[in-house]
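> Input: one structure, supplied below.
Residue numbers (this note's numbering): 2 to 152.
As structure tokens, this is what we get:
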């Protein structure tokens, strides 16, 4: 074995999911089995790093890093990139799944749970930010809010 891995197996997993082409955007993650509400279907390991690295890349190359749109805020000036399928879930204004950060010092992770029942074959979606106005694109909720403001 080249690297020693002392990670307990139960800390990270994915079950009942697979990537497929998505009608929302590019690839998405789909349920391969029916999932009940509040079901944890993936726990992803993460790479934790300082947010300043992204700004340094922008300053040097005058463009955002290719992974800029795939990070999750961790707090304290830190961000994470999820391994597994964690960075592949598409955004939807009314998602069927939620994520939360596990901030254990030795084993940080992103945990994904169903928000409602999900049927086999259904795309799993999350909400990238609680406030649609903070998104780098306009989702359906923000588009509706903007239409109301303009009327």
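Even glycine gets a Cβ: it sits at the ideal position worked out from N, Cα and C.
Determine the extent of the alpha helix (DSSP H) in which residue 54 is found, giving its start and end residues.
The residue you call residue 54 lines up with position 53 of the chain shown. Unbroken alpha helix (DSSP H) run through residue 54: 53-62.
> Assign residue 31 to one of three DSSP states: helix, strand, or coil.
On the chain shown, position 30 is the one that residue 31 refers to. If DSSP states are grouped into helix, strand and coil, residue 31 belongs with the strands.
> At a cut of 8 Å, does the segment 106-120 reach the segment 42-55 through at least three beta carbon pairs?
Yes, the segment 106-120 touches the segment 42-55.
> So if DSSP puts residue 102 in a beta bridge, which residue, or which two residues, is it bridged to?
Sequence index remark: in the chain shown, residue 102 carries index 101 (1-based). 111.
> Determine the DSSP secondary structure at residue 155, reduced to helix, strand or coil.
Any answer about residue 155 is impossible in this case: the structure gives the chain only from 2 up to 152.
> Which residue marks the beginning of the beta strand (DSSP E) containing residue 79, and which one marks its end?
Numbered from 1 along the chain shown, position 78 holds the residue referred to as residue 79. Looking at the DSSP string, the run of the beta strand (DSSP E) that includes residue 79 is 79-83.
> Assess contact between the segment 29-40 and the segment 53-62, defined as three or more Cβ pairs (one per stretch) separated by less than 8 Å. Is contact present?
Contact fails: fewer than three Cβ-Cβ distances are below 8 Å.
> Can you tell me whether residue 87 is buried or exposed, with buried defined as 16 or more other CB within 10 angstroms of its CB?
Mapped onto the chain shown, residue 87 falls at position 86. Buried is the call here.
> Which residues does DSSP pair with residue 125 in a beta bridge?
By one-based count along the chain shown, residue 125 stands at place 124. For residue 125, which the question treats as bridged, DSSP gives the partners 30.
> Using only the alpha-carbon positions, how far apart do residue 78 and residue 11 sit?
For the purposes of this step, residue 78 is taken as the residue at position 77 of the chain shown. For the purposes of this step, residue 11 is taken as the residue at position 10 of the chain shown. Roughly 29 Å between the two C-alpha positions.
> Spatial neighbours of residue 48 within its chain, please: C-beta separation below 6 Å, excluding the five flanking residues on both sides.
Here the question's residue 48 lines up with position 47 in the chain shown. Excluding sequence neighbours, residue 48 sits near 82.
> In this structure, how does DSSP classify residue 20 when only helix, strand and coil are distinguished?
Taking the first residue of the chain shown as position 1, residue 20 is located at position 19. Three-state result, residue 20: strand.
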